[in-house]
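See the structure below:
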């Protein structure tokens with residue numbers, strides 16, 4: 078609780094940079110994403126032919142990418158996957174590159 082405003086500003090800049098990188102990458106592979114307004118998570122709509130669980134499984138098995146199926150958050154979460162912005166930059170970059178290489 079003894080942090081300065083500078084620390085908060087730094088964290089906000091980190092998460093904004095990560096958010097923008099993830100949004101751009103997901104859109105480039107054809108996933109629809111609404112930018113989060115105040116969250117460390119991104120919810121992406123899944124493409125036709127998948128459930129949130131089946132896409133999550135594909136990403137894990139074929140790309141070693143961990144996301145959360147939206148169905149785990151109730152009936153309105155189906156049709157989405159959730160990605161976290163709290164992962165380190167290098168791992169985030171690697172996951173996005175692997176995701177781009179998959180056929181989704």
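Numbering (the numbering used here), first residue to last: 78 to 181. Even for Gly, the Cβ is constructed at its ideal location relative to N, Cα and C. Remember, predicted model here, so these are calculated numbers, not experimental data.
In terms of residue numbering, what span does the beta strand (DSSP E) encompassing residue 122 cover?
118 to 122
Cross-strand partners of residue 159 (DSSP beta bridge):
120 and 145
So the alpha helix (DSSP H) residue 128 belongs to, where does it begin and stop?
First-last for residue 128: undefined, no H or E at that position.
Spatial neighbours of residue 172 in its chain, beta-carbon cut-off 6 Å, leaving aside the 5 residues before and after
142
Quick one, are the C-beta atoms of residue 177 and residue 106 less than 7 Å apart?
yes
Assuming contact is defined by CB atoms lying nearer than 7 Å, are residue 179 and residue 140 in contact in what I supplied?
yes
So, at 8 Å on beta carbons, what are the nonlocal neighbours of residue 108 in its own chain, with the 5 sequence-adjacent residues on each side left out?
Taking residue 108 as the centre and dropping the five residues before and after it, the same chain places the C-beta of 121, 122, 123, 124 and 181 closer than 8 Å to its C-beta, in chain order.
Continuous alpha helix (DSSP H) stretch holding residue 94: start and end
For residue 94, the uninterrupted alpha helix (DSSP H) run begins and ends at 82 to 105, by DSSP.
Measuring CA to CA, which of 88, 168, 161 and 146 is closest to residue 100?
161
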